[in-house]
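Residue numbers (this note's numbering): 82 to 315.
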């Protein structure tokens, strides 16, 4: 993928995240590795919303969490991204956000159960990071998040937010939406009482089906078309 296309995908991810009201004003952030240069990544700038990312204001950072390019200001929580990238060579995109239902669910300390299709996407593990509720402003705390994440797709940062990863920015973006949906569904089900779940074999099959790379790209592109249709109709 070219630099221009990579930057455009970061912009589009921001638009989708904002459209789903997962931005928490300017506080969340998304990043993507530079193609052909895995030791650097582009990142949403500080003080801007997810819907305000441009090629000019996005920040270029290295694996020490240092800004090395771009006109925007670097997020203080850059270490979530740099430390996950260092720990996970398979990851090419990281999102940190504070979705309402995911934060509420994280406060319960409970395990996400495979009771919905969105939750099954995380049936291979959804760990907790509970070292701190504070901002992740040091490499040490960034390492803590990366360690808690392990080989999983996401980590619940208790009473704080979530960090989501993907081999592509499309995957990370769709997983963020799915995790928020899964937490909302489970909180509602917990209030009424959760019934029987399906067998491990059935859950594993569904997990394979809904986490195919093509599925993430198809749904990312659909959501982007939907945003453009809404903009065109105004």
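Ideal placement from N, C-alpha and C gives every residue a C-beta, glycine not left out.
If distances are taken between C-alpha atoms only, which option among 156, 105 and 146 comes closest to residue 38? For the chain, the structure presents residues 82 to 315; residue 38 sits outside this window and is missing.
Bounding residues of the beta strand (DSSP E) (the contiguous stretch that carries residue 118): 118-124
Can you tell me the Cα-Cα spacing of residue 311 and residue 98, whole angstroms? 15 Å
For residue 254 and residue 298, I'd like the C-alpha separation in whole angstroms. 10 Å
In or out: residue 173 buried (at least 16 other Cβ within 10 Å) or exposed? buried
Mapping DSSP to helix, strand and coil, what is residue 264? helix
Ignore the nearest five residues each way along the sequence and tell me which others in residue 132's own chain have a CB closer than 7 Å to its CB. 95, 96 and 99
Can you tell me whether residue 150 is helix, strand or coil according to DSSP? strand
Could you give the first and the last residue of the continuous alpha helix (DSSP H) run that contains residue 284? 281-291
Output needed for residue 144: all residues of its chain with C-beta closer than 6 Å, excluding positions within five of it in sequence on either side, in chain order. Result list for residue 144: 120, 163 and 167, in chain order.
Assign residue 130 to one of three DSSP states: helix, strand, or coil. coil
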